[in-house]
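Enquirer: According to mature numbering (1 follows the signal peptide of the UniProt record, and there is no 0), the sequence shown holds residues -22 to -1, 1 to 226 in order. We put the CB at the ideal spot given by N, CA and C, even for glycine. In this text the structure is predicted, and so the values were computed from the model without any measurement. The structure's right below; bear with me while I get my questions together.
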Amino acid sequence: MNKVKVLIAVLGTCGLVAQSIAVPGTGQTQKFDPNNQSIRVGVTEPRSGGHPTPGGEPGIGVKSIGKGSITSFSGLARYVKADENGIHKISVPGSSSHEGMGVFNFSKVANADVYFGEWSQTGAVNDTTHTAYYSGKDVTTNLPTGGIATYTVKGINQYSGSNALHGTFTADFGQKRLTGSIANSALTVDINSRIRTDGSFAGRATAGNVVGTNSGHFFGDNAASLAGVATFASDHSKDTAFGGTKNP
């Protein structure tokens, strides 16, 4: 069985998103549309059989495969090796066939069960289905109440193999602010967010003259890592996913 068919089998046999799993953190820049090709992120449901999972694993589903049922990113990553930038690429473009599950680029935050990436139906820059996303386990419940921390952050937008975004975010837990930027040679995304007591953050994002929003979560003990998305409703081609780890 070729790799594409194996991936489709994995996606097609997964259960629906579990609603009762504690403290996951997920987000995506365009909503799941049950009537059109789209994706949704969430967590897996416990399942035995050919592709067992304990449940609660960060994952993604595609509308054309099992009506958007969720499969784990860790399972997908086993079938497609990450490149030198730590990014996995799955490319099965199409518009209506069962195998046209689209083009995925995703990465894992180091030392965390947290994933972030992008999807579109065709992989073309002008594809209006372009959606950035993140999904992770263990949203931080012991958020620091003071102090400043920096995070080394990677971003994914229109990934071609050599254009990951990189930068630094600064969290001021006393002032409850998260700021910073990530960039490559073509795009700079700046964020300015308010940190919430539930381990999430949200605020403004800019990409040049385009203004949007950002949202995400801290994960792990003492906010060890973070992931989120920048959404540009007027130009979804600029939607960007990001993730990173706290610096010592």
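So, under 8 angstroms CB-CB, Ser193 and Gly206 are touching, yes? Tell me the CB distance rounded to an integer number of Å.
Expert: Looking up residue 193 in the sequence shown gives position 215. Looking up residue 206 in the sequence shown gives position 228. So it is a contact: roughly 6 angstroms between Cβ atoms.
Enquirer: Could you check the C-alpha separation between Gly20 and Ser163 for me, to the nearest Å?
Expert: Residue numbering aside, residue 20 sits at position 42 when the sequence shown is read from its first letter. Residue numbering aside, residue 163 sits at position 185 when the sequence shown is read from its first letter. Approximately 32 angstroms between the Cα atoms of the pair.
Enquirer: Which two residues bound the contiguous beta strand (DSSP E) that contains Arg56?
Expert: For the purposes of this step, residue 56 is taken as residue 78 along the sequence shown, with counting starting at 1. Counting along the chain, Arg56 falls outside any beta strand (DSSP E), though it belongs to the alpha helix (DSSP H) covering Phe51 to Tyr57.
Enquirer: When you compare only the Cα positions, how much space is there between Pro12 and Leu156?
Expert: For the purposes of this step, residue 12 is identified with residue 34 of the sequence shown, where counting begins at 1. For the purposes of this step, residue 156 is identified with residue 178 of the sequence shown, where counting begins at 1. In a straight line, the C-alpha of Pro12 is about 34 angstroms away from that of Leu156.
Enquirer: If you draw a straight line from the C-alpha of Gln8 to the C-alpha of Lys67, how long is it?
Expert: Indexing the sequence shown from 1 puts residue 8 at position 30. Indexing the sequence shown from 1 puts residue 67 at position 89. If I take the Cα positions, the gap works out to 20 angstroms.
Enquirer: What would DSSP say about Ser159, mapped onto helix, strand or coil?
Expert: For this step, residue 159 is matched to residue 181 along the sequence shown. Strand at Ser159.
Enquirer: Apart from the five residues just before and just after Gly152, which ones in its own chain have a Cβ nearer than 7 angstroms to its Cβ?
Expert: Walking along the sequence shown from the start, residue 152 turns up at place 174. Taken in chain order, the residues that qualify are Gly124 and Gly125.
Enquirer: Count the C-beta pairs between the segment 33 to 43 and the segment 135 to 142 that are closer than 8 angstroms, then say yes if the count reaches three, no if not.
Expert: No: fewer than three Cβ pairs fall under 8 angstroms.
Enquirer: Classify His76 as helix, strand or coil using the three-state DSSP reduction.
Expert: Within the sequence shown, the letter at position 98 stands for residue 76. Residue placement at His76 is poorly supported in this model, since its pLDDT is 44, which falls under 50; the coordinates still yield a value, given next. If DSSP states are grouped into helix, strand and coil, His76 belongs with coil.
Enquirer: Ignore the nearest five residues each way along the sequence and tell me which others in residue 227's own chain have a CB closer than 7 angstroms to its CB.
Expert: Given that the chain is displayed from residue -22 to residue 226, the structure contains no residue 227 and the question cannot be resolved.
Enquirer: Buried or exposed for Thr118, going by 16 or more other Cβ atoms inside 10 Å?
Expert: Within the sequence shown, residue 118 is the residue found at index 140, counting from 1. The residue in question, Thr118, is buried, as its Cβ has 16 or more Cβ neighbours within 10 Å.
Enquirer: On the DSSP letters alone, give me the boundaries of the beta strand (DSSP E) that Ala219 sits inside.
Expert: In the sequence shown, counting from the first residue as 1, residue 219 sits at position 241. Thr218 to Lys224 is the span of the beta strand (DSSP E), which, as asked, contains Ala219.
Enquirer: Should Thr148 be labelled buried (16 or more other beta-carbon atoms within 10 Å of its own) or exposed?
Expert: Position 170 of the sequence shown holds residue 148. The residue in question, Thr148, is exposed, as its Cβ has fewer than 16 Cβ neighbours within 10 Å.
Enquirer: Applying the 10 Å Cβ sphere with the 16-neighbour rule, what's the burial state of Val189?
Expert: Taking the first residue of the sequence shown as 1, we reach residue 189 at position 211. Flag for Val189 reads exposed.
Enquirer: Considering just the uninterrupted stretch of the beta strand (DSSP E) at Gly3, what are its terminal residues?
Expert: Taking the first residue of the sequence shown as position 1, residue 3 is located at position 25. Note, Gly3: beta strand (DSSP E), Gly3 to Gln6.
Enquirer: So which of Val70, Gln15 and Asn200 has the shortest CA-CA distance to Lys45?
Expert: The residue given as residue 45 occupies position 67 in the sequence shown. Selected option, being the one with the closest Cα: Gln15.
Enquirer: Using DSSP's beta-bridge definition, name the partner residues of Glu62.
Expert: Reading the sequence shown from its first residue, position 84 is the one you call residue 62. Bridge partners of Glu62: none, in fact.
Enquirer: Give me, in chain order, the residues of the same chain whose beta-carbon lies closer than 7 angstroms to that of Gly145; leave out the 5 immediate sequence neighbours on both sides.
Expert: By 1-based counting over the sequence shown, the position of residue 145 is 167. Excluding residues within five positions, the ones whose Cβ falls inside 7 angstroms are Val131, Gly158, Ser159, Ile160 and Ala161.
Enquirer: Kindly indicate which three-state DSSP category Gly46 falls into: helix, strand or coil?
Expert: Your numbering for residue 46 matches position 68 in the sequence shown. If DSSP states are grouped into helix, strand and coil, Gly46 belongs with the helices.
Enquirer: Enumerate in chain order the residues of its own chain whose CB-to-CB distance from Met(-22) is below 7 angstroms, with the five nearest sequence positions on each side excluded.
Expert: For the purposes of this step, residue -22 is identified with residue 1 of the sequence shown, where counting begins at 1. Unreliable placement is indicated for Met(-22), whose pLDDT of 48 sits below 50; no coordinate value is reported for it.
Enquirer: Going by DSSP, which residues form a beta bridge with Pro122?
Expert: Within the sequence shown, residue 122 is the residue found at index 144, counting from 1. For Pro122, which the question treats as bridged, DSSP gives no partner whatsoever.
Enquirer: Taking the C-alpha atoms as reference points, what is the distance between Asn225 and Lys154?
Expert: Indexing the sequence shown from 1 puts residue 225 at position 247. Indexing the sequence shown from 1 puts residue 154 at position 176. C-alpha separation (whole angstroms): 18 angstroms.
Enquirer: Span of the beta strand (DSSP E) holding residue 239?
Expert: Given that the chain is displayed from residue -22 to residue 226, the structure contains no residue 239 and the question cannot be resolved.
Enquirer: Since Pro2 and Lys115 should fall inside the 8 angstroms C-beta cutoff, what is the C-beta to C-beta distance between them, to a whole number of angstroms?
Expert: The residue labelled residue 2 in the question sits at position 24 within the sequence shown. The residue labelled residue 115 in the question sits at position 137 within the sequence shown. Sure, about 6 angstroms apart at Cβ, within 8 angstroms.
Enquirer: Grouping DSSP H, G and I as helix and E and B as strand, with all else coil, what is His214?
Expert: The sequence position of residue 214 within the sequence shown is 236, counting from 1. Looking at His214 - three-state DSSP - the assignment turns out to be helix.
Enquirer: Sorted by chain position, which residues of the same chain lie with C-beta nearer than 8 angstroms to Val103's C-beta, five sequence neighbours on each side aside?
Expert: On the sequence shown, residue 103 is found 125 positions in, with the first residue counted as 1. Result list for Val103: Gln136 and Ser215, in chain order.
Enquirer: So, helix, strand or coil for Ala201, using DSSP?
Expert: Your numbering for residue 201 matches position 223 in the sequence shown. DSSP places Ala201 in coil when its eight states are reduced to three.
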